[in-house]
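There are 2 protein chains.
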Amino acid sequence: MAEIDDMRLDDRVKGVPGGVRDLRLGDVGRQGWNLLKEDLPLPVAVLKTGALDNNSRWMTQFLRATGAVIAPHGKTTMSPHLFQRQLADGAWAITVATLGQLQIARRFGLKRLVLANQLIGRQAVAYVVGELARDSEFEFYCLADSLEGVAMIAAEAKRAGLARPVNLLLEGGLMGGRTGCRTREAALAVGRAIKAAAPWVALRGIEGFEGLAQGASMEVREKIVRDFMDYLVAIAGDCQREKLFAAGPVILSAGGSAYYDIVAQRLAAAGIADATVVIRSGCYLTQDSVAYRNFFARIRERSPHVAELAGGLMPALEVWAYVQSRPEQGRLIVNLGRRDVSSDLDLPVMLAWFRPGSAGAPQALAPGSHKVVELNDQHGHVVVPEDSPLQVGDMVALGISHPCTTFDKWQIMYLVDEAYRVTGAIRTFF
Amino acid sequence: MAEIDDMRLDDRVKGVPGGVRDLRLGDVGRQGWNLLKEDLPLPVAVLKTGALDNNSRWMTQFLRATGAVIAPHGKTTMSPHLFQRQLADGAWAITVATLGQLQIARRFGLKRLVLANQLIGRQAVAYVVGELARDSEFEFYCLADSLEGVAMIAAEAKRAGLARPVNLLLEGGLMGGRTGCRTREAALAVGRAIKAAAPWVALRGIEGFEGLAQGASMEVREKIVRDFMDYLVAIAGDCQREKLFAAGPVILSAGGSAYYDIVAQRLAAAGIADATVVIRSGCYLTQDSVAYRNFFARIRERSPHVAELAGGLMPALEVWAYVQSRPEQGRLIVNLGRRDVSSDLDLPVMLAWFRPGSAGAPQALAPGSHKVVELNDQHGHVVVPEDSPLQVGDMVALGISHPCTTFDKWQIMYLVDEAYRVTGAIRTFF
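Protein sequences, first through last, are from chains A and B. Position 164 (the first sequence) corresponds to 164 in my numbering; numbering is contiguous. Position 424 (the second sequence) corresponds to 1424 in my numbering; numbering is contiguous.
Below, the structure is given as structure tokens:
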């Protein structure tokens, strides 16, 4: 990470104070900045280090209890600093979603990577084959759900005379859902094609993404997820019977950030010999204040063995803004918009406020009392009680829903302690 | 722009081919890259230079015909290259929305800037006052809609002993809308406070943003916009009667990218002496394929003097992706998601497709025949006819709705000619 710490920040980067030039990223924590002292321009995104530490510990417990390993989805944060933290916590690999993310992970020296997607197009296939040829320590996995995809990869590996196969995970998918073979027959056809294209490609396991299960209630969605896990296991069984897997452990992988308890339990119980169960939650590390908070509450509700674990995930990410206008007694405008905070799953929520120059800590706002009702590109509309104490110039803390789509709006996020002193910063790459 | 052209690109930037290191941005056009030859990793965002040229010409005509000047909203593109182009086209100023955007514009040497917002918080006020003190050529305008806001700015200017006033535009707002005084009385109180705080601040004009007018039909919204312009003019009249304006031209400014014809006409006809009408459309330069395309059609319909102008705005921005999977005959997945393209106003639309290795040009898709129905973070779901020719590995061009929220997803966009040869690149700063 020395390369990132040596990067220079200046005031063209959102969140960096005006006038700053040539500040080493690694020196951000030495500036004596404090969010509550208005040392940072708002809006700004912060990560609470206490919550990050807590969430690291919790996931370590979860993995120990379930026997699964984790390849956290790097697309959530795209922060090499956080990847390093996850690897230090024992992560088996880092997952990425796109070629661009793969390029970034490789540039920062990551060795074991799962591309949870098909490898498509001349640039993508050539890049991966080139990296595999160049670096014998690079261990790479990607998905396959079509004969065309397998053929494209095998052809390039052959053309390049690659000395080892490209590792593939056969993807199963939900009908009406995203990628992935919709039937065992379709999956088997792709699995056979992979074996037939040896030694250029190798089938290393089975993969699926359950996170998009649609259904009127949580119970219905959970049943879809359980059935989907059984479907993936059935594909794995088919491949094992036909001896389509290459030698070595069989990877069984699924698990976004909403159902990983079901995934870990169901895949571990599948009875596939020599299996490694790989979950891929990206959101556990920062958690959030709405959607994943609710998912987590539900995980504990339905999985008593998870509820027994000490502690629980806490939201680490906050975005701070100013009250910019109170043009009507019941309405505030804050200087933060859809370019600063997620709005794809839910609008952000008002957590606390602080009057600059005052002593003490931010004061909590009663949940729902101050309600974000609309975001424009650079503004937030907040409906407030007529007697709300907030006035122009006050600072407010917002909690987010869906970490992925807040991370991608910031090139840097500040690390803060419990008193909102800035102890460092992370850089993202989107 | 030499500073930007000298910036170095590498493959950690989305859209840059794997393996690229230390490529001068100004040399991108000399690489011989062609989108259709798969020289770029997808997804990628491109700007068609022919359409940019066309849109520049059209807006020049519009301004000549209406007598308004333009301070294009820089928040749309946040691209100094495009700002420079707009200034070369005769733009009166560049508008920005936030302190961060102001910092960027100043770092790239822009002299006349409108901050179409209140200046809030210690960092923001101190930065602007500092820049005004440091650079006598810096001409700055920002909004005011509250006594607290005026007091904050005046106090810092006084503390710093600033030799000239901070220029303010008094903001009127729509009831239930965003910022801005809701009544003439409230506006007058702020206007008086500005005059009373001389010489630290000066009232230079009136401002409003009509773009959020709510109403069941376009006709209703247009009436709200016309009435709102009359309201702004009434505020200006009040201020003129009370001699609250500082000496010099009175700025009357409004105008997003949907109603600027009404704004230009209504404010020009207001009869305010020595007025300069400033519109601020940010989206005209790239236009789009859905929302602003429809707004533009409506502008020509309701404003015959605009319909008479030669030509019309054309969409310049496309995002290209691969077909990644066709897991069901009627459904494609493309490798582009909400992190790559706007989805706040409308989902993107499928424009054309191209099979790598084939000769000729991309083939148009009949409008609506291939329909994007959902975006995840990194995937797009497309419903297609059973007999669609598209297959895994084909390239597709998507048109966007709302340029602002596509620009902010790319640090670089390629400039392409009519054959999709890459002739250069622009850098954005978000």
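Where a beta carbon is used, it is the ideal one built from N, C-alpha and C, also for glycine.
Check	Outcome
Can you tell me the Cβ-Cβ gap for Ile1194 of chain B and Val1128 of chain B, rounded? I've got them flagged as a contact below 8 Å.	Wrong, their Cβ atoms sit about 16 Å apart, outside the cutoff.
I'd like to know whether the C-beta of Cys1181 of chain B is nearer than 9 Å to at least one C-beta of chain A.	yes
Which residues in chain A sit within 8 Å of Arg1338 of chain B, going by Cβ to Cβ distance?	Asp344, Thr405
Is there contact here, the stretch 179 to 190 of chain A with the stretch 151 to 166 of chain A, by at least three beta-carbon pairs under 8 Å?	no
Could you name the residues of the stretch 371 to 382 of chain A whose beta carbon sits closer than 8 Å to any beta carbon of chain C, in the order they occur along the chain?	Note that chain C does not occur in the displayed structure, where the protein chains are A and B.
Considering just the uninterrupted stretch of the beta strand (DSSP E) at Arg1326 of chain B, what are its terminal residues?	1317 to 1328
Using alpha carbons as the reference points, say which of A:Ala397, A:Thr179, A:Ala2 lies closest to Arg24 of chain A.	A:Ala2
Expressed to the nearest angstrom, what Euclidean distance is found between the alpha-carbon atoms of Arg417 of chain A and Lys48 of chain A?	The sequence given here has Asp at residue 417 of chain A, not Arg. Cα-Cα distance, rounded: 6 Å.
According to DSSP, simplified to helix, strand and coil, what is Phe83 of chain A?	helix
Could you list the residues in the stretch 1023 to 1043 of chain B with a C-beta less than 9 Å from some C-beta on chain A, going in chain order?	Lys1037, Glu1038, Asp1039, Leu1040, Pro1041, Leu1042, Pro1043
Between which residues of its own chain and Arg178 of chain A is the CB-CB distance below 8 Å, once the five residues before and five after are set aside?	Phe209, Leu212
By the 10 Å Cβ neighbour count, where 16 or more other Cβ atoms means buried, how is Arg1221 of chain B classified, buried or exposed?	buried
Tell me whether Thr1095 of chain B sits in a helix, a strand or coil according to DSSP, three-state version.	strand
Below 7 Å on C-beta distance, what does Pro431 of chain A contact in chain B?	Residue 431 of chain A lies beyond the residue range present for chain A, which begins at 1 and ends at 430; the question has no answer from this structure.
Answer with yes or no whether the minimum CB distance from Ile1104 of chain B to chain A is below 9 Å.	yes
Going by the beta-carbon positions, is the gap between Tyr322 of chain A and Val334 of chain A smaller than 9 Å?	yes
Identify each residue in the stretch 86 to 101 of chain A for which the Cβ-Cβ distance to at least one residue of chain B is less than 8 Å, and report them in chain order.	Ala97, Thr98, Leu99, Gly100
For the alpha helix (DSSP H) that Phe1295 of chain B lies in, which residues bound it at each end?	1291 to 1302
Name, please, each residue of chain B whose Cβ falls closer than 7 Å to the Cβ of Ser325 of chain A.	Gln1118, Asp1145, Ser1146, Thr1179
Kindly list, in the order they appear in chain A, the residues whose Cβ is closer than 7 Å to that of Pro1249 of chain B.	Simply none; closest approach about 26 Å.
With 9 Å set as the bound, which would you pick, yes or no: does the beta-carbon of Ile1333 of chain B sit closer than that to a beta-carbon of chain A?	yes
What does Gly256 of chain A touch in chain B if you count any residue whose Cβ is under 8 Å from its own?	The contacting residues do not exist; Gly256 of chain A stays about 10 Å from chain B at best.
Could you check what DSSP says for Tyr432 of chain A in three-state terms: helix, strand or coil?	Here chain A comprises residues numbered 1 to 430, so residue 432 of chain A is not present and cannot be evaluated.
Are the C-beta atoms of Pro1017 of chain B and some chain A residue less than 9 Å apart?	yes
Within 10 angstroms of the Cβ of Asp1274 of chain B, are there 16 or more other Cβ atoms? Answer buried if so, exposed if not.	exposed
Run the CB neighbour count on Asp227 of chain A, radius 10 Å, all protein chains shown included, and call it buried at 16 or more, exposed below.	exposed
Any Cβ of chain B within less than 9 Å of the Cβ of Val392 of chain A?	yes
According to DSSP, is Val220 of chain A part of a helix, a strand, or is it coil?	helix
Which value, in whole angstroms, describes the spacing of the CA atoms of Cys239 of chain A and Val190 of chain A?	10 Å
Alpha carbon to alpha carbon, how far is Asp261 of chain A from Ile70 of chain A?	12 Å
Note down, in chain order, every chain A residue with its Cβ under 9 Å from the Cβ of Asp1011 of chain B.	Gly100, Gln103, Ile104, Arg106, Arg107, Tyr127
Taking the beta carbon of Ser1303 of chain B as the centre, do at least 16 other beta carbons fall within 10 Å, making it buried, or is it exposed?	buried
Give the DSSP-derived three-state secondary structure of Lys371 of chain A in the structure shown.	strand
Using 8 Å as the cut-off, can you tell me whether the stretch 404 to 424 of chain A makes contact with the stretch 293 to 312 of chain A, which would need three or more C-beta pairs spanning the two stretches below that distance?	no
Please tell me whether, using a cut-off of 8 Å, the distance from the CB of Ala1216 of chain B to the nearest non-hydrogen atom of the ligand ZN is below it.	Here there are no bound small molecules, and the ligand ZN is not part of this structure.
Can you give me the Cβ contacts of Leu1099 of chain B inside the same chain, cut-off strictly under 6 Å, excluding the 5 residues immediately before and after it?	Ala1124
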